[in-house]
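Working notes, structure below.
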Amino acid sequence: MPRTVYVDKKECTSCGQCAENLPRYFQLDSSAISQSHNNGENINNADVPDMDVKLVQSEMDECPGECILWKR
Ligand code: SF4
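Position 44 of the sequence shown, counting from 1, maps to 95 under my numbering, and the rest follow consecutively.
Below is the structure:
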C-alpha cells in the first residue's frame, strides 16, 4: 500500500542525512530543517509508492531525531 511520509520538523536536528541519502524524498528548507517532498511538491506530505517504502523506512530508522514519520 502506498504511504505518506513527513518530518516532525520541531524534532529535526538538521543533520542533513536524509536529504543526502534520499534527495528524491527529503530536502532541507531555508532554515536547514528537513521536509519530505515529491519533485518539490507535496511539501512535508510526500507520497511513497510501495517500491520505495523500504528505502524511506531505512532513513526513518537511521534518523537521529527519530522524526521521520508515516502519516499513513
Ligand atoms: S535525518 Fe532526521 S534529523 Fe537528520 S535532517 Fe533528516 S529528518 Fe532531520
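Quick reminder that beta carbons are idealized off the backbone N, C-alpha and C, glycines included.
Worksheet item: By a C-beta neighbour count over all protein chains shown, 10 Å radius and 16 as the cutoff for buried, is E117 buried or exposed?
Response: Sequence index remark: in the sequence shown, residue 117 carries index 66 (1-based). The residue is exposed, with fewer than 16 neighbouring Cβ atoms inside 10 Å.
Worksheet item: A70 and S85 look like a contact to me (Cβ under 8 angstroms); what is the Cβ gap, rounded to whole Å?
Response: For the purposes of this step, residue 70 is identified with residue 19 of the sequence shown, where counting begins at 1. For the purposes of this step, residue 85 is identified with residue 34 of the sequence shown, where counting begins at 1. Right, their Cβ atoms sit about 6 angstroms apart.
Worksheet item: Per DSSP, what kind of secondary structure is S85 in: helix, strand or coil?
Response: The residue given as residue 85 occupies position 34 in the sequence shown. The three-state reading of DSSP puts S85 in strand, counting E and B together.
Worksheet item: Is T64 near ligand 1, judged by its Cβ being under 8 angstroms from some heavy atom?
Response: Taking the first residue of the sequence shown as position 1, residue 64 is located at position 13. T64 Cβ: within cutoff of ligand 1.
Item to complete: Go ahead and label S87 buried or exposed: buried means 16 or more other beta carbons lie within 10 angstroms of its beta carbon, across all protein chains shown.
Response: Here the question's residue 87 lines up with position 36 in the sequence shown. Per the 10 Å Cβ criterion, buried.
Worksheet entry | Residue range of the alpha helix (DSSP H) that includes D98 | For the purposes of this step, residue 98 is taken as residue 47 along the sequence shown, with counting starting at 1. It is not in any alpha helix (DSSP H) - D98 instead sits in the beta strand (DSSP E) that spans 97 to 99.
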